[in-house]
Structure formats: C-alpha cells, structure tokens
Amino acid sequence: DAKTTQPNSMESNEEEPVHLPCNHSTISGTDYIHWYRQLPSQGPEYVIHGLTSNVNNRMASLAIAEDRKSSTLILHRATLRDAAVYYCILRMNRDDKIIFGKGTRLHILP
Amino acid sequence: DTGVSQDPRHKITKRGQNVTFRCDPISEHNRLYWYRQTLGQGPEFLTYFQNEAQLEKSRLLSDRFSAERPKGSFSTLEIQRTEQGDSAMYLCASSLTGAENSPLHFGNGTRLTVT
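Taken in sequence, the protein lines are chains G and S. Under the numbering used here, the first residue of the first sequence is numbered 276, with each subsequent residue one higher. Under the numbering used here, the first residue of the second sequence is numbered 315, with each subsequent residue one higher.
Given below as structure tokens:
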C-alpha cells in the first residue's frame with residue numbers, strides 16, 4: 276500500500292484556519308487522496324477526497340499539489356469541535372479497503 | 315439513515331473467555347468491514363465482507379478470531395480464548411460499492427478489556 280506521512284500533532288487557535296499537511300511521494304496515478312477524522316470516543320468519519328483537482332465541501336477543502344506528491348486539508352475556521360485525529364489515506368479505487376496510518380492529532384486552543 | 319450500530323459498547327472479560335460482538339450496518343450497504351484500534355494508533359484492518367462473502371482477512375486475524383455475515387446484513391466478530399493483547403476498540407464500518415467515492419461509515423466501536 277502506498278504510504279502517507281503526516282505530522283504527529285498540530286495546534287491551532289479557535290476561529291483561525293488550519294492547514295493539515297500530508298506527504299505521499301509514492302502515490303500512483305490511480306490513487307485517490309482521502310481524509311477521515313476521528314473525534315474522541317467515536318469511529319472515524321469521512322471528510323473529503325480528491326484525485327487531481329482541489330476540492331471543497333461543507334466540512335473542508337483539499338488542496339492537491341500539481342505533482343500529487345503532497346496535499347493539504349484546510350479547515351477554514353476551526354472550532355473546538357474540530358479537535359480530532361485527522362488521517363490522510365491513499366485509496367486505489369473507490370471500493371478498496373481503507374488503510375489508516377497514525378494521523379495528525381489536532382488540538383484547538385480556545 | 316440510522317448509521318452503523320455496534321453492540322455492546324463496552325465488554326470486560328477474563329482471559330480465556332470467548333466474546334462476541336455484533337455490528338448492524340447501514341441497511342442498503344453491501345460492504346462491511348471490521349477494524350481494531352489500540353490506544354494512540356490508527357484503526358487496523360481485520361476483514362471485510364461483500365454481502366455474505368468474506369473477501370479478505372488480514373494476517374492480524376488469528377485462528378482465534380472469526381467473523382460472519384450470514385445473511386448479508388448484520389455481522390458478528392467472535393474472539394475465542396481471549397488474551398490480554400486482544401484488549402482494544404473493535405470498529406465496524408459499512409459502505410455501498412459503486413457509489414460515488416464509497417466512503418466508509420463507522421460505528422462508535424466496542425471497547426474490549428481483557429483482565
């Protein structure tokens with residue numbers, strides 16, 4: 276499975292934007308980039324995914340580098356409820372199982 | 315959409331006992347996954363089903379673990395002769411193949427403590 280590298284933890288102030296980086300230098304042409312997050316005491320939840328173009332949804336934005344070797348999850352205005360572990364995952368096709376790494380633990384400071 | 319439900323939420327058992335967990339997926343979802351998560355780690359894939367067929371099992375799934383999805387709806391995960399190393403959160407997820415992106419929808423897990 277292609278690997279991703281994320282910082283172990285990050286901090287951000289409430290109501291400010293947060294940029295969560297992910298490196299995936301061994302990505303193949305058919306890998307989709309997915310992000311999930313896991314709030315305390317809950318199962319993971321889907322956040323966003325993309326292939327080549329930047330993507331926006333109601334939860335976040337995904338910025339993908341032109342060479343696709345890195346991507347950034349953007350939370351436009353962090354709230355305390357966004358404190359979670361964020362996982363960046365490569366998925367070869369839409370029906371593949373999801374393989375999780377350790378993710379980035381995001382702390383939001385009030 | 316009632317989401318994925320797992321039962322029980324917590325289970326404490328003594329080493330050597332057998333335990334069984336249940337997962338009810340979102341009703342129209344044909345894929346069902348089991349994961350295990352220990353403290354500070356991401357979820358680890360164990361196995362998945364498409365309808366009633368078990369399509370893949372991780373090497374993490376020892377002979378003491380067995381999963382079933384007899385009618386392609388709910389699933390059970392049984393651990394026989396539990397060991398302390400089995401203590402973890404067991405997560406179930408479901409998805410619909412062919413759907414846009416086919417995101418996995420997770421339940422909130424069953425936390426197992428083996429004493």
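Backbone N, C-alpha and C fix where the C-beta goes; we use that ideal spot for every residue, glycine too. Bear in mind the structure is a predicted one, so any value in this text is a computation, not a measurement.
Chain S contact for H299(G) (CB, 7 Å cutoff): no
Distance between L314(G) and I373(G) (C-alpha atoms, nearest Å): 18 Å
Any chain S beta carbon closer than 7 Å to I323(G): no
Counted within 10 angstroms of its Cβ, other Cβ atoms place G399(S) as buried (16 or more) or exposed: exposed
Nearest neighbour of T354(G), chosen from E291(G), M285(G), T280(G) and Q281(G) [CA to CA]: E291(G)
Proximal residues, the region 333-367 of chain S versus chain G, C-beta separation under 7 Å: Y347, Q355, G356, P357, F359 and Y362
Inter-residue spacing [alpha-carbon to alpha-carbon] between Y362(G) and G378(G): 4 Å
Rounded straight-line distance, which links the Cα of T411(S) to that of I302(G): 23 Å
Euclidean distance between Cα positions of N298(G) and E289(G): 25 Å
Per-residue DSSP class, three states only, for R329(S): coil
Distance CB(G318(G))-CB(N415(S)) smaller than 7 Å: no
Closest residue to F388(S) among C406(S), Y349(S) and A402(S) (Cα-Cα distance): C406(S)
Runs of alpha helix (DSSP H) lying entirely within the region 323-380 of chain G, each at least 4 residues, in chain order: none
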